[in-house]
Amino acid sequence: MAAASAAMLGGAELGRRLEQREAEQVAGFARQLADTLDRGIDLRLRGLDAAGRLPTLRRPDASPDERRAVLSALQQANPEYAVVAFMAPDGRVAADSRGAFAGADASEREFFQVGRERPYVGDVHDAILLARLMGETAFGRPHRFLDLAVPVRAPGGELLGVLGAHLSVEWAREVKQSFADMLGAVNLADALVLSSEGKVLVGAPALEGQPVPTEPGLRRWPDGHTYIVGIAASRGHGDFHGLGWRVMVRQDAAAALAPLERLRRRILLWGLLATALAGGAGWVLAVAIARPQEALAAAARRAEVGGAGEAFGDTTGWYREARETAASLAAMVAGMRRGEAALREGEGRLRVALEAGGLGTWETDLGTGRSRWDARLAAMLGLPSEPVEVDGERLIGFIHPDDRGRVAREFAAATRSGAPYASEFRGLTAAGETRWFASRGLVLPAEDGAGRAIGVVRDVTERKRREEALREALAARELLQREADHRIKNSLQLVGSLLRMHRSRMEDREAVAALGDAIGRVDAVAQAHLALQQSHDLRTVDLGQMVRQLCARFGQLNPHVSSRCGAEGGLELDAERAIPLCLVVGELLTNALRHAYPPGATGSVSVDAMAADGVLTVTVADRGAGMAAEAGPSGLGSTVVRALSRQIGAEVATRSAPGQGTTVTLRLPLHAAAPPAQGSGCAETDTSADARASGA
Numbered sequence: 019m020a021a022a023s024a025a026m027l028g029g030a031e032l033g034r035r036l037e038q039r040e041a042e043q044v045a046g047f048a049r050q051l052a053d054t055l056d057r058g059i060d061l062r063l064r065g066l067d068a069a070g071r072l073p074t075l076r077r078p079d080a081s082p083d084e085r086r087a088v089l090s091a092l093q094q095a096n097p098e099y100a101v102v103a104f105m106a107p108d109g110r111v112a113a114d115s116r117g118a119f120a121g122a123d124a125s126e127r128e129f130f131q132v133g134r135e136r137p138y139v140g141d142v143h144d145a146i147l148l149a150r151l152m153g154e155t156a157f158g159r160p161h162r163f164l165d166l167a168v169p170v171r172a173p174g175g176e177l178l179g180v181l182g183a184h185l186s187v188e189w190a191r192e193v194k195q196s197f198a199d200m201l202g203a204v205n206l207a208d209a210l211v212l213s214s215e216g217k218v219l220v221g222a223p224a225l226e227g228q229p230v231p232t233e234p235g236l237r238r239w240p241d242g243h244t245y246i247v248g249i250a251a252s253r254g255h256g257d258f259h260g261l262g263w264r265v266m267v268r269q270d271a272a273a274a275l276a277p278l279e280r281l282r283r284r285i286l287l288w289g290l291l292a293t294a295l296a297g298g299a300g301w302v303l304a305v306a307i308a309r310p311q312e313a314l315a316a317a318a319r320r321a322e323v324g325g326a327g328e329a330f331g332d333t334t335g336w337y338r339e340a341r342e343t344a345a346s347l348a349a350m351v352a353g354m355r356r357g358e359a360a361l362r363e364g365e366g367r368l369r370v371a372l373e374a375g376g377l378g379t380w381e382t383d384l385g386t387g388r389s390r391w392d393a394r395l396a397a398m399l400g401l402p403s404e405p406v407e408v409d410g411e412r413l414i415g416f417i418h419p420d421d422r423g424r425v426a427r428e429f430a431a432a433t434r435s436g437a438p439y440a441s442e443f444r445g446l447t448a449a450g451e452t453r454w455f456a457s458r459g460l461v462l463p464a465e466d467g468a469g470r471a472i473g474v475v476r477d478v479t480e481r482k483r484r485e486e487a488l489r490e491a492l493a494a495r496e497l498l499q500r501e502a503d504h505r506i507k508n509s510l511q512l513v514g515s516l517l518r519m520h521r522s523r524m525e526d527r528e529a530v531a532a533l534g535d536a537i538g539r540v541d542a543v544a545q546a547h548l549a550l551q552q553s554h555d556l557r558t559v560d561l562g563q564m565v566r567q568l569c570a571r572f573g574q575l576n577p578h579v580s581s582r583c584g585a586e587g588g589l590e591l592d593a594e595r596a597i598p599l600c601l602v603v604g605e606l607l608t609n610a611l612r613h614a615y616p617p618g619a620t621g622s623v624s625v626d627a628m629a630a631d632g633v634l635t636v637t638v639a640d641r642g643a644g645m646a647a648e649a650g651p652s653g654l655g656s657t658v659v660r661a662l663s664r665q666i667g668a669e670v671a672t673r674s675a676p677g678q679g680t681t682v683t684l685r686l687p688l689h690a691a692a693p694p695a696q697g698s699g700c701a702e703t704d705t706s707a708d709a710r711a712s713g714a
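For the sequence shown, the numbering used here gives the first residue as 19, with consecutive numbering after it.
Written out as structure tokens, the structure is:
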């Protein structure tokens, strides 16, 4: 009986600890899903704000068709948007991506009133106008949306309107479903998103719109099933401050605790068959089995804390054509003095140059202000195709009102200094059409008067349109790149979470260690993508920030060993080499934290990065046991370090001695260069940074 009692007590203690571990794990899943939703809404709010800064939307004179083209492209890039609309300051819809709401009045809607002042996210609501356009959803659910809005201001700061979008709640449903599919391996029954009122926003169709119990832990639900429930609050991220949502993850208790029940029966059987000493041994066995589980749960909590002129428009070319034209004109004047024949030859050359360049000519009398235009320039401005003479007032009338002051100042500066005149401006044709022109000219002073100015004009409207389209395409590409990098980072984080779940259920130490190494490498790549996502141009990475985030992420691997990160500010590295370098530093840091010191011993590991004379130096050092000089490379870690160092053209040097610690130094050009030849560089200078950990 004593043995049986001891076995039963041991099984009960083990059950209590395993139930606690499962509850902590489910709560962690809920926090991860809540963070994913918060980051997703913040990313879309920042993306909408970036779209509101596109030149087309910030131009006061942009047409509805131009704005609608930008809005349609934005919706195509983000299919989770049901509609994207641009509203004028009075609340009227000026343009929308569906072309169905022009003129609709949104002035009384909260998203418009708040969106005039600052970025706004509104809670879920049923579709009103869009319900008729979008048809039925899966399971017959009504269309529901979140409202996103940002102010759009002109370069001078005045309000041009509000850019708003309806974000379909189906987006949150897809995020939840992806998360639930990933967690299906651990018997997850469901994941629910609750409103601030405790009703289900996203979940099983039968539960949506219904209130559900919100007590965490092991609970019996009205459906008769018992679940292990974890709840996390949505706290927002960045400019998004949250909507009071909560995320609930529930795990079927019977499936989750089935191994526990089997283990309990075995312990009871052992207790009945064993002696009193065997019963005591059973108690010790139960505690010994539970302790590694507690250690895994503690490690999961620590990891969670650590986780929280180009070819499209070379204006220099127009300077060359202006000089050629001036030379032709000078030759023509000289030819007039030399004779009729030379004059005809000069006129012929000038005509060929003007026709080939699509140029019109002008000549201005600086004394009277009157100008003479040739037939080609007159045709450009919508006048009959014949030479015309205009006075200063009429000339100014052909220049766009917003450009008249600048053009007048540039022309006046050229006449005062005698320097060549050059200007690009918008002009108004006789039909009222706005077109872009480039004008180049020279001032020819006269001894007996004010002199005259001559020059050429070319219609560059199509070039300007291509430049504008290219700028918008580049802005859209950057937006899509940030979205892709964000999704890559999130996918890597989900992979890391799945690996951690599988590791927590393994008992084989070698398998656990191998998964730990894989998790570290996935985390390192995820940190590099996070740094790339936070960069200002998606081409370079703030190396100091990346190293600091890496130390914070990996510093929890060994609670007895502290990590210190020292990195100069302003260090930037191209993205092609930053990701491999992050993985190399992650390998070295992981090896130092795990193997530099005996188990349970205290110590420190430092990571430093600095640049001098165009060379970047990264050092990972510890003061642990060190290695003998004859220790050679071993394990996957050394292979990864050597291969990635060779890939980025880095030299790796290791200095170590028994009892004196280990220092690994990487040196590589700060700016990208050709990789080193085979058999040179790091292949010759590399020694094993993880030889102390066989098979690491």
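C-beta: ideal position from N, C-alpha, C; glycine also.
A quick note: this is a predicted structure, and the numbers were derived from the prediction, not measured.
Nearest-angstrom Cα separation, counted from D420 out to D79: Spanning the two alpha carbons is a distance of roughly 11 Å.
Have a look at S252 and D67 and give me their C-alpha separation to the nearest angstrom. So the two alpha carbons sit approximately 22 Å from each other.
Return the CA-CA distance between T244 and G179, expressed in angstroms with no decimal places. If you take the alpha carbons of T244 and G179, they lie about 52 Å apart.
Would you say A167 and F129 are within 8 Å of each other, going by their C-beta atoms? With contacts defined by Cβ atoms closer than 8 Å, A167 and F129 form a contacting pair.
Under the rule that 16 or more other beta-carbon atoms within 10 Å means buried, what is D409, buried or exposed? Residue burial annotation: D409 is exposed, with fewer than 16 other C-beta atoms found within 10 angstroms of its C-beta.
Contact the segment 391 to 408 vs the segment 422 to 434: 3+ CB pairs below 8 Å: The segment 391 to 408 is not in contact with the segment 422 to 434.
Tell me which residues share the same chain as D144 and place their Cβ nearer than 6 Å to its Cβ, disregarding the 5 neighbours each side in the sequence. So the list reads P160, R162, once near-sequence residues are dropped.
E605 lies in the alpha helix (DSSP H); which residues open and close that run? For E605, the uninterrupted alpha helix (DSSP H) segment begins and ends at 593 to 613.
Proximity below 8 Å, CB of L607 to CB of V638: Yes. Within cutoff.
Using only alpha-carbon positions, find the residue among R612, I666, V265 that is nearest to Q574. Selected option, being the one with the closest Cα: R612.
Simplified DSSP state of S403, which is helix, strand or coil: Note: S403 maps to coil in three-state DSSP.
Sub-8 Å separation of G679 and D626 beta-carbons: The Cβ-Cβ distance between G679 and D626 does not fall below 8 Å.
Are there 16 or more other CB atoms within 10 angstroms of the CB of T333, so buried, or fewer, so exposed? Any reading at T333 must be qualified, since the residue scores a pLDDT of 40, below 50, and its modelled position is unreliable; the value itself is stated next. By the C-beta density criterion, T333 is exposed, having fewer than 16 other C-beta atoms within 10 angstroms.
Using DSSP's beta-bridge definition, name the partner residues of Q678. Q678 pairs with nothing; no bridge assigned.
By the three-class DSSP mapping on this structure, what secondary structure does W263 have? Three-state result, W263: coil.
Cut-off 7 Å between Cβ atoms - residues of its own chain near T558, not counting five sequence neighbours on either side: Taken in chain order, the residues that qualify are E590, L591, D592, A593.
For my contact list, L395 and T382 are in at a C-beta cut-off of 8 Å; report their separation, rounded to the angstrom. Between L395 and T382 a beta carbon distance of about 12 Å is seen, past the 8 Å cut, so the two are scored as non-contacting.
DSSP-derived helix/strand/coil call for Q567: If DSSP states are grouped into helix, strand and coil, Q567 belongs with the helices.
Taking the runs of the alpha helix (DSSP H) that are 4 residues or longer, which of them lie wholly in the segment 68 to 130? Within the segment 68 to 130, the complete alpha helix (DSSP H) segments of 4 residues or longer fall at 73 to 76, 82 to 95, listed in chain order.
Give the single residue among D640, L686, E669, A668 whose Cα lies nearest to the Cα of G677. For G677, the nearest C-alpha among the options comes from D640.
Quick check: the Cα distance between G618 and N576, rounded to an integer number of angstroms? Each residue's Cα considered, the two are about 9 Å apart.
As assigned by DSSP and simplified to three states, the class of G65: Reduced to three states, the DSSP call for G65 is helix.
Hey, G216 and D56 are a contact pair by Cβ (cut 8 Å); roughly how many whole angstroms apart? 19 Å between Cβ atoms; not a contact.
In this structure, how does DSSP classify T657 when only helix, strand and coil are distinguished? Assignment of T657 by DSSP, reduced to helix, strand and coil, places it in the helix class.
Tell me the rounded alpha-carbon separation between T543 and D241. Position check: residue 543 holds Val in this sequence, whereas Thr was assumed. Just so you know, the alpha carbons of V543 and D241 end up roughly 43 Å apart.
Note down, in chain order, each residue of its chain lying with its Cβ closer than 7 Å to the Cβ of A448, except the 5 sequence neighbours on either side. Answer for A448: L399, G400, L401, listed in chain order.
So who's on the other strand from T379, going by DSSP bridges? T379 is bridged to V474.
Which residue comes first and which comes last in the beta strand (DSSP E) that contains S580? First-last of the beta strand (DSSP E) with S580: 579 to 585.
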